[in-house]
Amino acid sequence: MSTAARLISGSAASWVQIAVNMASQVALVPIYLSYWDAETYGVWLAVQGIMSTLSMLDLGHQNFLAYEFLRLGYDDRPALGKYLWSGVVIGLIISLAQIVLIIIFIFSGTLGFLLGASGIENSSLLNQAGIALLLQGFSWLAFGTSTGLIGRSLAAFGYFPRTAWWTVVSATVTAVAPLAAVIMGADLVTTSAVLVLGASSYTIPVYIDFFKILKKEKIDFVKPSLAIGYANFKKSLPLLGKSLFENVRQQGVRLILTPLAGPVGLVAFS
25 MSTAARLISG SAASWVQIAV NMASQVALVP IYLSYWDAET YGVWLAVQGI
75 MSTLSMLDLG HQNFLAYEFL RLGYDDRPAL GKYLWSGVVI GLIISLAQIV
125 LIIIFIFSGT LGFLLGASGI ENSSLLNQAG IALLLQGFSW LAFGTSTGLI
175 GRSLAAFGYF PRTAWWTVVS ATVTAVAPLA AVIMGADLVT TSAVLVLGAS
225 SYTIPVYIDF FKILKKEKID FVKPSLAIGY ANFKKSLPLL GKSLFENVRQ
275 QGVRLILTPL AGPVGLVAFS
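Per this note's numbering, the sequence shown runs over residues 25 to 294.
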């Protein structure tokens with residue numbers, strides 16, 4: 025694929041992803057409220073906001089390594105492989121830490137505060153929200169961190185449009201799968217389970233595609249180095265601030281608003 029074709033394809037994928045995100049955050053709201061009450065939908069939005077915020081540390085790490093992959097590129101494939109697989113190990117550790125933090129939130133009562141528990145009339149929603157958040161944490165561990173890093177490494181070899189279109193598939197499934205579950209009468213837990221199944225349905229083909237490209241580009245598996253992975257993680261921490269500000273601008277405001285206004289107030293805001 026020529027440079028111009030890659031530029032056009034990558035730009036088109038980015039615009040399609042923007043359209044999908046707009047539809048999922050705006051156009052789908054009335055549909056959700058046709059099947060869920062405002063309180064349930066508010067808790068769902070809050071859970072999404074919490075998970076999005078928790079993943080910022082991992083995303084900052086991934087974005088830092090993306091620049092390192094571009095720096096290494098064609099010139100030093102062994103070093104790129106070392107950075108990649110060391111980064112995957114660190115990413116998995118971060119994801120496990122997220123799950124531990126979610127468990128702490130659940131059992132310490134912090135989750136209730138974040139969800140504006142004083143404004144939740146149905147106490148079972150709080151239990152459902154905890155399970156839903158935990159399911160989404162495991163989904164990120166299995167499907168989010170590794171594919172994110174491998175996709176960023178492939179961008180250094182001219183595969184950004186390909187990875188961008190896979191991102192469009194991800195955004196579409198993430199929007200459609202839970203909506204279909206809600207229309208079928210699912211609660212928060214079942215909807216999150218469907219979201220995880222939806223993630224697996226497109227991530228497995230992504231893994232297959234990405235590993236074929238890694239083999240084609242002769243990016244072999246290299247024994248991970250915790251020292252290199254940790255060094256890169258420390259260097260990535262300044263990007264956490266940037267990621268957090270971007271997250272607040274998009275979904276993180278839910279994390280701030282929910283404890284103050286409650287889940288129903290969050291729905292009104294949406």
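Positions of the beta carbon are idealized from the N, C-alpha and C atoms, including for glycine.
Predicted model, so just to flag it, every value in this text is computed and none were measured.
Helix, strand or coil at residue i according to DSSP, with G and I counted as helix
i: S38; result: helix
i: S33; result: helix
i: I118; result: helix
i: D82; result: helix
i: D99; result: helix
i: I174; result: helix
i: F257; result: helix
i: L123; result: In the sequence under discussion, the amino acid at residue 123 is Ile, which differs from the Leu named in the question. Residue state, collapsed to three classes: helix.
Residue i, buried or exposed, once every other Cβ within 10 Å from all chains shown has been counted against 16
i: G66; result: buried
i: A255; result: exposed
i: Y56; result: buried
i: P102; result: exposed
i: G175; result: buried
Distance, residue j Cα to residue i Cα
i: S33; j: T171; result: 20 Å
i: F184; j: S148; result: 44 Å
i: G209; j: L238; result: 42 Å
i: I207; j: T215; result: 10 Å
i: L138; j: Y59; result: 24 Å
i: W68; j: Q152; result: 10 Å
i: W164; j: A90; result: 19 Å
i: K259; j: G84; result: 10 Å
i: V197; j: I130; result: 27 Å
Range covered by the alpha helix (DSSP H) that runs through residue i
i: D233; result: L212 to K240
i: S249; result: Counting along the chain, S249 falls outside any alpha helix (DSSP H), and DSSP gives it neither H nor E.
i: F184; result: F184 to I207
i: V53; result: V53 to Y59
i: L157; result: S148 to S163
i: L138; result: T134 to L138
### Task
May I ask you to verify whether the region 224–233 touches the region 73–84, counting CB pairs closer than 8 Å and requiring at least 3?
Because the criterion of three Cβ pairs below 8 Å is not met, the region 224–233 and the region 73–84 do not touch.
### Task
Mind the definition here: the region 253–263 touches the region 119–126 only if three or more C-beta pairs lie below 8 Å; say whether that holds.
no
### Message
Closer than 8 Å is the cut-off here; do at least three beta carbon pairs connect the region 245–256 with the region 185–196?
### Response
no
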